[in-house]
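Peer 1: The opening residue of the sequence shown carries number 4 in the working numbering; numbering runs sequentially from there. Structure incoming, see below.
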Amino acid sequence: MILALLEMTLLVILVLALLAPLESLEWWARRYPTPSLPAPESEPATGIRRFAVYLSGIAMLDGSSMSRREHAVLEEVRKQLPDVVITEDVFPYAMENRGLPQRATAWLWRRLDWARRRFPWSPLPFLINLRNVMQVLVSADPRYGGTYNFGVACVVWRSLLNAGYDPDDPAPVTLIGYSGGAQIACGVARFLAAHDVRVDVVSIGGVYADDPGLDHVGSLTHLKGSRDRTQSLGTIAFPGRWFTAPLSPYGRAVRDGRIHTVNMGPIHHNGYFSRHITLPDGGTPKQETIEQLVKALSR
């Protein structure tokens, strides 16, 4: 019985891995030969010092399914920084911002979402996470990453324009990536930088590769909990982040002093937005995350 379950699990992983790049390739084929970032459709905002785009973790269903804890953190940052615009409507695990409920398989994803809310101990809903993890791997793959990341860059660019971003007078942009969203943020950076945009990245427990986008990032602030083993997967899984690869994009960023790691204390991977845990200094992970985001966005 256990062996059969393992075989089924491996089969599902294999199928998802084989299908993962197809969406980005199909998207590119439809846009070829004139791919470009969207043009502005609304008047630019005034009095804005910086724009930020939040890319949530792999548990997302679409651009509106962010957790209330994440939303509460972003709202507090907005209150403290009224001259910074933060958008949170991007689904970073699909081309064209097409969430899982907007697909032919919507019935499956909705049922899995219902199941994880009703039965949090069930392993089946982790298919959502697994599906999104595969898109993170596509983003990090040198063969398909350029196509995938350009597609998400178009979505990010459109989100910025809708928020009043002025491409003729480009303000700095910070991409905030939680978990797998950090890799997408790094991948998107080079396409925004091509439009003379200063791009910074904040990684909240992020898993990211030695993406070429790191060559175009002004700074990367990595928030890491001492009990978060998931964020360390990036260091293990991607050889370009090993000390033996000093000439990789990651190695160059480290050598240039553009990567800053902040130890957040004894926080697990799912705990960065929690208000129910007390840290050694008496604060909460939520307060610490807000403080670090405000610092990063104030530079």
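For glycine and all other residues, C-beta sits at the position ideal for the given N, C-alpha and C.
Along the chain, where does the beta strand (DSSP E) containing Leu-178 start, and where does it finish?
Peer 2: Residues 176-181.
Peer 1: Report the three-state DSSP secondary structure of Thr-150 (helix, strand or coil).
Peer 2: helix
Peer 1: Please report the distance separating the alpha-carbon of Lys-158 from that of Asn-165.
Peer 2: Contrary to the premise, residue 158 reads as Val rather than Lys in this sequence. Answer to the nearest angstrom: the Cα atoms are 11 Å apart.
Peer 1: Alpha carbons only, please: which of Gln-295, Phe-241, Ala-185, Tyr-253 is nearest the one belonging to Asn-152?
Peer 2: Ala-185
Peer 1: Report, in whole angstroms, the separation of the C-beta atoms of Ala-192 and Val-202, which I expect to be a contact under 8 Å.
Peer 2: 4 Å
Peer 1: Is the Cβ of Tyr-57 closer than 9 Å to any Cβ of chain B?
Peer 2: No chain B is part of this structure, which consists of one protein chain only.
Peer 1: State buried or exposed for Ala-62, treating a residue as buried only when at least 16 other CB atoms are found within 10 Å of its CB.
Peer 2: buried
Peer 1: Does the Cβ of Ser-301 have 16 or more other Cβ atoms within 10 Å, making it buried, or fewer, making it exposed?
Peer 2: exposed
Peer 1: Leaving out five residues before and five after Leu-178 in sequence, what residues of the same chain have Cβ atoms less than 7 Å from its Cβ?
Peer 2: Hits under 7 Å: Val-56, Leu-58, Ala-188, Val-191, Ala-192, Val-202, Val-204.
Peer 1: Which whole runs of the beta strand (DSSP E) in the region 192-228 are 3 residues long or more, in chain order?
Peer 2: Counting whole runs of 3 or more residues, the region 192-228 contains the beta strand (DSSP E) stretches 202-207, 223-227.
Peer 1: Among Asp-218, Pro-126, Val-210, Trp-112, which has the Cα closest to the Cα of Pro-252?
Peer 2: Asp-218
Peer 1: What does the alpha-carbon distance come out to for the pair Thr-238 and Glu-46?
Peer 2: Taking the straight line joining both Cα atoms gives about 42 Å.
Peer 1: Roughly how many angstroms lie between the CA atoms of Pro-173 and Arg-255, to the nearest whole one?
Peer 2: 26 Å
Peer 1: If the criterion is Cβ atoms closer than 9 Å, does the pair Phe-54 and Ile-89 meet it?
Peer 2: yes
Peer 1: Assuming Ala-109 is part of the alpha helix (DSSP H), what are its boundary residues?
Peer 2: 109-121
Peer 1: I'd like the list of long-range same chain contacts for Gly-245, defined as Cβ closer than 8 Å, with 5 residues on each side in sequence excluded.
Peer 2: It is Trp, not Gly, that sits at residue 245 in the sequence shown. The residues are Thr-238.
Peer 1: For Tyr-57, name the three-state secondary structure that DSSP assigns.
Peer 2: Strand, per DSSP.
Peer 1: Name the residue from Gly-274, Pro-249, Tyr-96 whose alpha carbon lies nearest to the alpha carbon of Gly-228.
Peer 2: Gly-274
Peer 1: Assuming Thr-90 is part of the beta strand (DSSP E), what are its boundary residues?
Peer 2: From DSSP, the beta strand (DSSP E) with Thr-90 extends over 87-90.
Peer 1: Would you report the Cα separation of Pro-41 and Asp-259, rounded to the nearest angstrom?
Peer 2: 32 Å
Peer 1: Any idea what DSSP makes of Val-93, helix, strand or coil?
Peer 2: coil
Peer 1: Among residues of its own chain, excluding the 5 on either side of Ile-30, which ones have a beta-carbon nearer than 8 Å to its beta-carbon?
Peer 2: Residue 30 is actually Trp in this sequence, not Ile. Hits under 8 Å: Met-98, Glu-99, Thr-150, Gly-154.
Peer 1: Contact check, Asn-135 vs Tyr-96 under 8 Å by CB: the rounded distance?
Peer 2: 4 Å
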